[in-house]
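The working numbering applies: residue 1002 is where the sequence shown begins, and numbers increase by one.
Structure, as structure tokens:
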Amino acid sequence: MLFDTHAHLDDVKFKGETDEVIVRANEQGVSLIVNVGYNLRHARQSIALAEKYDFIYASVGLHPHDAKDGDKSFWEEIYKLARHPKVVALGEMGLDYYWDNSPRDVQRDVFRQQIGAAKDLKLPIIIHDRDAHQDVLTIVKEEGALEVGGVFHAYSGSWEMTKEILDLGFFISIGGPVTFKNAKKILEVVEKVPLESLLIETDCPYLTPDPYRGKRNEPGYIKLVAEKIAQIKNISYEEVASATKENGMRLFGINPL
Ligand code: NI
1002 MLFDTHAHLD DVKFKGETDE VIVRANEQGV SLIVNVGYNL RHARQSIALA
1052 EKYDFIYASV GLHPHDAKDG DKSFWEEIYK LARHPKVVAL GEMGLDYYWD
1102 NSPRDVQRDV FRQQIGAAKD LKLPIIIHDR DAHQDVLTIV KEEGALEVGG
1152 VFHAYSGSWE MTKEILDLGF FISIGGPVTF KNAKKILEVV EKVPLESLLI
1202 ETDCPYLTPD PYRGKRNEPG YIKLVAEKIA QIKNISYEEV ASATKENGMR
1252 LFGINPL
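Below, the structure is given as structure tokens:
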């Protein structure tokens, strides 16, 4: 049984097909999904999805791309939404110095504020980090995010950085890129990281694994990620599936049904 810890099933690319995509995910063995909201609209849509399906949970937060929209009314609304019983995390949040869609100082401020909110709400955090490794780690430490814990999603860092993350007690989440033919750095990370610190995700509709790369991603494809990790770590697929599922349940406080 598989846990896709990071999906965007409310994305416009699934429009009119969400239900059948979810059925296909179940057929592939996916039994838990966290649908990640990254602005107010997607936070509300994630909660709506979580209300419709008992095995889907939601997170709410503000993506670094949208950090410039984090005004007072946003924070009031986020606190309300985060108290919904199916909201299991805050995020995705973090820093994106690749696209720089919001000014970097604003991204950093909003990231710090969200960690503060997560501590108030006692929810773990889902971190988006692109080309901002050092600043992300500094803020995570300075803001005391260890208190709530969390995950570095769609992880693409080096083994050096991974060691720092593991020391903080955070999880790393592996997605489709581990299956790419040119994957290199991430193979070393997956080989060395202890199974108890690992989560898996699709980040669908993005980051589609091989052999479907270039097409729309969906939660059912997470099986390919788990199979690849099993191959790299030289353990069974079942072991990867059950460990990553249990890790996710522990981090997000999801109890067995
Ligand atoms: Ni995402």
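Idealized CB from N, CA, C, for every residue including glycine.
Within 8 Å, strictly: CB atoms of residue i and residue j
i       : j       : result
Gly1062 : Tyr1039 : yes
Ile1126 : Ala1119 : yes
Val1149 : Thr1006 : no
Ser1047 : Lys1069 : no
Tyr1238 : Ala1231 : yes
Gly1170 : Glu1144 : no
Leu1199 : Phe1172 : yes
Val1191 : Pro1210 : no
Lys1229 : Thr1163 : no
Leu1091 : Gln1115 : yes
Ala1083 : Leu1124 : yes
Ala1155 : Leu1208 : yes
Ile1223 : Ile1201 : yes
Ile1140 : Arg1109 : yes
Gly1254 : Val1089 : yes
His1064 : Glu1018 : no
Asn1218 : Gly1249 : no
Sequence-distant residues of the same chain with beta carbon closer than 6 Å to residue i, five excluded per side
i       : result
Ala1008 : Ile1034, Asn1036, Thr1203, Cys1205, Pro1220
Ala1051 : Ile1057, Tyr1058, Ala1059, Lys1087
Val1026 : The amino acid at residue 1026 is misidentified as Val; the sequence shows Ala. So the list reads Pro1220, Gly1221, once near-sequence residues are dropped.
Residues sharing a beta bridge with residue i, DSSP
i       : result
Ser1174 : Leu1200
Met1094 : Ile1128
Leu1003 : Val1031
Ser991  : A query on residue 991 cannot be resolved here, the shown segment of the chain reaching from 1002 to 1258 and no further.
Gly1254 : Gly1254 pairs with nothing; no bridge assigned.
Local conformation of residue i per DSSP, three classes
i       : result
Ser1032 : strand
Ala1184 : coil
Gly1249 : helix
Val1241 : helix
Val1194 : coil
Val1111 : helix
Val1141 : helix
Ala1008 : strand
Gly1150 : coil
8 Å Cβ shell around residue i - same chain, five flanking residues per side excluded
i       : result
Lys1246 : Met1002, Leu1003, Phe1004, Ser1032, Leu1033
Same chain, Cβ closer than 7 Å to residue i, neighbours up to 5 away in sequence not counted
i       : result
Thr1137 : Strictly speaking, residue 1137 in this sequence is Val, with Thr absent from that position. The residues are Gly1095, Leu1096, Ile1128, Asp1130.
Phe1015 : Val1022, Pro1206
Lys1193 : Trp1160
| message | Which residues neighbour ligand 1 when neighbourhood means a C-beta less than 6 Å away from any of its non-hydrogen atoms? List them by chain order. | response | His1007, His1009, Val1037, Glu1093, Asp1204
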